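Engineer:
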Amino acid sequence: MSFMGNGHQMPNAIINRHLVSMFVVALVSLFQVGCGFQPLYSQAGAANSQALSSVAILPISDRRGQILRKFLLERMSTNLGTQSTKFTLRVELSESKSNINIGRDESATRANLFITAKFALTRRAGGGKYSGQILSTNSYNVLDSDFATLSAENDARNRALKSLAEEIRLRVATALNNPSVFTVPAVVERRVQ
23 MSFMGNGHQM
33 PNAIINRHLV
43 SMFVVALVSL
53 FQVGCGFQPL
63 YSQAGAANSQ
73 ALSSVAILPI
83 SDRRGQILRK
93 FLLERMSTNL
103 GTQSTKFTLR
113 VELSESKSNI
123 NIGRDESATR
133 ANLFITAKFA
143 LTRRAGGGKY
153 SGQILSTNSY
163 NVLDSDFATL
173 SAENDARNRA
183 LKSLAEEIRL
193 RVATALNNPS
203 VFTVPAVVER
213 RVQ
């Protein structure tokens, strides 16, 4: 048994547990430093923000696209128009719905809204490309009032678009920090005979 400063005894099991906990925390910290792990929101956050600002977000068709582009600009562009862009981001959206929770009268009381974003980040110099696809699913209530249902569907759409914008931002930031993910187009050689 060990004695604490106030005259109480502390069992060895508690001391051992504290030592093991401190050892595990130290070991995990060393592992993260050794493997090159770097959190996206680390001290290098300003550098990430600057890198994200070097991406030109191309216009996206239809109203959903305008909303998504606005969300992307809010998350990625810190200095609109003041920095030359090194990358372009192209996004294409598709949307579908499916009724769930069908009642006895065969009317739906809930629906799922699926929005898929296909994106391509292209390096202007050298033409490297990083692309991906993200799916966001959001549910909403199908109500007796058409207006209420439309309002719920629009809310689900906005939630999906915000989620897509955040995921695209994270993937783009990761790609900008790891240039090896960019595929370079193959050069085709033509021989004249």
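For the sequence shown, our numbering assigns the number 215 to the last residue and increments by one with no breaks. Quick reminder that beta carbons are idealized off the backbone N, C-alpha and C, glycines included. In this text, all values refer to a predicted model and were calculated from it rather than measured experimentally.
#1: Of all the options 146, 187 and 168, which has the alpha carbon lying nearest to the alpha carbon of residue 155?
#2: Please return the same chain residues whose Cβ sits closer than 6 Å to the Cβ of residue 189, not counting the five positions on each side in sequence.
#3: In or out: residue 147 buried (at least 16 other Cβ within 10 Å) or exposed?
#4: Could you give the residue range of the beta strand (DSSP E) that holds residue 114?
#5: Compute every distance between the C-beta of residue 172 and the non-hydrogen atoms of the ligand ADP, then say whether any falls below 6 Å.
#6: Among 76, 109 and 183, whose alpha-carbon lies nearest the alpha-carbon of residue 153?
#7: Between residue 139 and residue 77, what straight-line distance do the alpha-carbon atoms span, to the nearest angstrom?
#8: Determine the extent of the alpha helix (DSSP H) in which residue 190 is found, giving its start and end residues.
#9: Do you know how far the Cα of residue 114 is from the Cα of residue 45?
#10: Answer yes if the segment 124–137 comes into contact with the segment 91–101, meaning at least three C-beta pairs across the two stretches below 8 Å, and no otherwise.
#11: To the nearest angstrom, how far is it from the Cα of residue 164 to the Cα of residue 135?
#12: With the cut-off set at 7 Å, would you say residue 89 and residue 183 are in Cβ contact?
#13: Hey, residue 145 and residue 204 are a contact pair by Cβ (cut 8 Å); roughly how many whole angstroms apart?
#14: Ends of the beta strand (DSSP E) at residue 141?
#15: Tell me, to the nearest whole angstrom, how far the beta carbon of residue 170 is from that of residue 162; I am working on the premise that it is less than 8 Å.
Structural biologist: On the basis of the coordinates in this document:
#1: Translated into the one-based positions of the sequence shown, residue 155 becomes position 133. Checked all of 146, 187 and 168; the closest Cα to residue 155 is 187.
#2: Position 167 of the sequence shown, counted from the start, is the residue given in the question as residue 189. Closer than 6 Å at the Cβ level, and outside the excluded window around residue 189, lie 156.
#3: Along the sequence shown, one-based indexing puts residue 147 at 125. Flag for residue 147 reads exposed.
#4: Counting from one through the sequence shown, the residue named residue 114 turns up at place 92. Note, residue 114: beta strand (DSSP E), 109–124.
#5: With respect to small molecules bound, the structure shown includes none, and the ligand ADP cannot be examined in it.
#6: As a first step, residue 153 must be located in the sequence shown, where it is residue number 131. Among 76, 109 and 183, the Cα nearest to that of residue 153 belongs to 109.
#7: Translated into the one-based positions of the sequence shown, residue 139 becomes position 117. Translated into the one-based positions of the sequence shown, residue 77 becomes position 55. The alpha-carbon atoms of residue 139 and residue 77 are separated by roughly 17 Å.
#8: The sequence position of residue 190 within the sequence shown is 168, counting from 1. First-last of the alpha helix (DSSP H) with residue 190: 168–199.
#9: If you number the sequence shown from 1, residue 45 lands on position 23. If you number the sequence shown from 1, residue 114 lands on position 92. Distance between the alpha carbons of residue 45 and residue 114: 49 Å.
#10: no
#11: The residue given as residue 164 occupies position 142 in the sequence shown. The residue given as residue 135 occupies position 113 in the sequence shown. About 12 Å.
#12: Reading the sequence shown from its first residue, position 67 is the one you call residue 89. Reading the sequence shown from its first residue, position 161 is the one you call residue 183. It is a contact, given that the beta carbons lie within the stated cut-off.
#13: Here the question's residue 145 lines up with position 123 in the sequence shown. Here the question's residue 204 lines up with position 182 in the sequence shown. Confirmed, Cβ separation roughly 6 Å.
#14: The residue given as residue 141 occupies position 119 in the sequence shown. 130–145 is the span of the beta strand (DSSP E), which, as asked, contains residue 141.
#15: Along the sequence shown, read from residue 1 onward, the residue named residue 170 stands at position 148. Along the sequence shown, read from residue 1 onward, the residue named residue 162 stands at position 140. Actually they are not in contact, since the Cβ atoms of residue 170 and residue 162 sit about 10 Å apart, beyond 8 Å.
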